[in-house]
Amino acid sequence: MHSGSRFKPMEILLVEDGLMDARVTIHSLRRSQVHHRLTLVRSVSEAIKFLRQEGVFARAPKPDLLLLDLNLPDGSGIDVIELLQNSDVNTEALTTVVLTANEDECIRERCNALGVHDYIRKPVHEDEFMRVVRDHKRLMVHSTPVLA
């Protein structure tokens with residue numbers, strides 16, 4: 001039996017309310033040559049529904065990578081992380097990367113305490129952003145069993 005998991009696209013959930021920032025991220029991902037599928041949501045409530053596969057997101061894929069803006073119209077990206085930690089959603093295989101213009105070191109420390117994998121300041125430099133995506137893709141390929 002052959003499994004297509006070797007060719008499985010990286011599932012990315014981008015939680016970003018700024019359309020210009022979302023466009024830059026999407027453009028960078030296209031240029032990365034990393035096989036991926038991206039879903040864009042623009043609020044804490046949409047992100048939680050997507051991650052819990054509720055409502056219109058009932059058939060949503062489980063993301064491998066969560067790209068999370070901290071300043072959202074209905075709360076903070078930190079709210080998303082905290083709600084996930086206090087729910088039955090399995091986030092073991094989920095890599096979380098925070099994208100923010102906030103330079104407050106307390107916010108960064110809070111993100112680290114919540115288990116955020118990486119923290120990238122906006123405006124995002126494409127090289128740094130792609131390093132994070134490729135590092136995660138490499139980890140995903142090595143940890144995904146492929147049946148022969």
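Under the UniProt record's numbering, think of the first position of the sequence shown as 1, with each following residue one higher. In this text, a Cβ means the ideal position worked out from N, Cα and C, and glycines have one as well. As the structure is a prediction and not an experimental result, all values here were calculated from the model.
Self-check item: Simplified DSSP assignment, three categories, for Leu19
Solution: helix
Exercise. Find the nearest neighbour of Thr100 within the set Arg108, His117 and Val80, judged by alpha-carbon distance.
Key: Arg108
Quiz item: Taking the alpha carbon of Arg42 as the point to measure from, which residue in Arg52, Arg30, Asn71 and Ala58 has its own alpha carbon closest?
Solution: Asn71
Exercise. Check each candidate in Arg110, Lys49 and Leu114 and name the one with the smallest Cα separation from Leu40.
Key: Lys49
Quiz item: So, Thr91 versus Leu84, is the Cβ gap smaller than 7 Å?
Solution: yes
Quiz item: Nearest CA to the CA of Val56: which residue from Glu46, Glu16, Met10 and Asp21?
Solution: Glu46
Quiz prompt | Three-state secondary structure (DSSP) of Asn90 | solution = coil
Quiz prompt | Sequence-distant residues of the same chain with beta carbon closer than 8 Å to Ser32, five excluded per side | solution = Met130, Val133 and Arg134
Self-check item: Beta-carbon proximity list for Ala60, same chain, < 6 Å, skipping 5 on both sides
Solution: Phe50 and Gln53
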